[in-house]
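Going by the working numbering, the first residue of the sequence shown is number 182, and it counts up by one from there. Encoded as C-alpha cells, the structure appears first; notes follow it.
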Amino acid sequence: MINIILLGAPGAGKGTQANRLSKAYNLTHISTGDVIREEIRNNTNFGKKVKSFADKGLLVPDELIIEIIESRLHKEGNGYLLDGFPRNLKQAISLDTMIREKKLDYPYIFYIEVTEDELVKRLTNRRYCPKCNKIYSLINNAPENNEICDKCRVKLLKRKDDEVTIIKKRFEVFKSETYPLLEYYSKSEKFYKVEGDSSEDKVYKSIVDIIK
Ligand code: AMP
Numbered sequence: 182m183i184n185i186i187l188l189g190a191p192g193a194g195k196g197t198q199a200n201r202l203s204k205a206y207n208l209t210h211i212s213t214g215d216v217i218r219e220e221i222r223n224n225t226n227f228g229k230k231v232k233s234f235a236d237k238g239l240l241v242p243d244e245l246i247i248e249i250i251e252s253r254l255h256k257e258g259n260g261y262l263l264d265g266f267p268r269n270l271k272q273a274i275s276l277d278t279m280i281r282e283k284k285l286d287y288p289y290i291f292y293i294e295v296t297e298d299e300l301v302k303r304l305t306n307r308r309y310c311p312k313c314n315k316i317y318s319l320i321n322n323a324p325e326n327n328e329i330c331d332k333c334r335v336k337l338l339k340r341k342d343d344e345v346t347i348i349k350k351r352f353e354v355f356k357s358e359t360y361p362l363l364e365y366y367s368k369s370e371k372f373y374k375v376e377g378d379s380s381e382d383k384v385y386k387s388i389v390d391i392i393k
C-alpha cells in the first residue's frame, strides 16, 4: 500500500502530480479543493456553507473539511493520496488520529517547493474547461485555439480564486497556516522536500524515485 500527502503552496502543482501519481499507482485521490468546487457548483448545503470562504481564498472551517476526509479515507485499494489536506496543524493532528484509528499505513509526505514568482505566473495563467474540468496553462500547456477547450470546444474559464487579489490572500493563508506543517512533519522519516520550479516530468520523477 502506498499512501501519500502532497503539500505545497497554491500553484505548486499538487493537483497535476496527484492526477499522475494516483493513475500510476491506482490510488484513491482525495482533493479537498475539487470536492469543495463540486459542492459549490451543485449548490448543495455543504457548498452553500463553504462558498464564501473559498471565494475569498480563506480556509473552510476545519470541522467541515475533516468530515470530508473522515468519510473518504478507508483501508482499501492500493492506498490514498491527499491533495490539499491537511492545511493547518489542527487538520494534521486529526489526520494522525484517523490514521491510527483506521489502522492505515503512515504516508509519504512530499512538500513541492516553488518560488513565489513562479507560483504567481502559473496561477494567473491557469484556465479550466467548465465542461470536462481539464486544466490548461496558457504558458506551457495552452489549448490549440485561443482559450477554447481542445475537446469540448467551449471557452476556458479562470478559477474565481485565481484573481490576483485572492491569490495574494491564499499565499498569506499558506504562509501562516500551512507552512508551519513542514516543521511538524520534518520529524517523520517519510518527509521529503521536492524542488518544484522545474518541469512537471522532473517533479514527477523525483517523487517516483523516492517511492520506488
Ligand atoms: P485548492 O484547490 O486546494 O487550492 O483549494 C481551493 C480552496 O478550497 C481553498 O482556498 C480553501 O478555501 C478550500 N480548501 C481546500 N482544502 C482545504 C482544507 N484542507 N482546509 C480548508 N479549506 C480548504
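Glycine is no exception: its CB is placed at the ideal position from the N, C-alpha and C atoms.
Asked                                                                                                                                                             : Found
Count the other CB atoms within 10 Å of the CB of R334; is the residue buried (16 or more) or exposed (fewer)?                                                    : exposed
Check the C-beta distance from K371 over to I290 and give it rounded, since I have them as a contact under 8 Å.                                                   : 6 Å
Check the DSSP bridge columns for K336 and list the partner residues they point to.                                                                               : I329
So, for L188: in the same chain, excluding its five sequence neighbours on each side, which residues have a beta-carbon less than 6 Å away from its beta-carbon?  : Y292
For F227, which residues in the same chain have their Cβ closer than 6 Å to its Cβ, ignoring the five residues on either side in sequence?                        : E220
For L270, which residues from the same chain have a beta carbon less than 7 Å from its beta carbon, with the 5 sequence-adjacent residues on both sides left out? : P361, L362, Y365
Which term fits A205, buried or exposed, when burial requires 16 or more other beta carbons within 10 angstroms of its beta carbon?                               : exposed
If I follow the unbroken beta strand (DSSP E) through S212, where does it start and stop?                                                                         : 209-212
When the Cα atoms are used, what is the spatial distance from K229 to K341?                                                                                       : 16 Å
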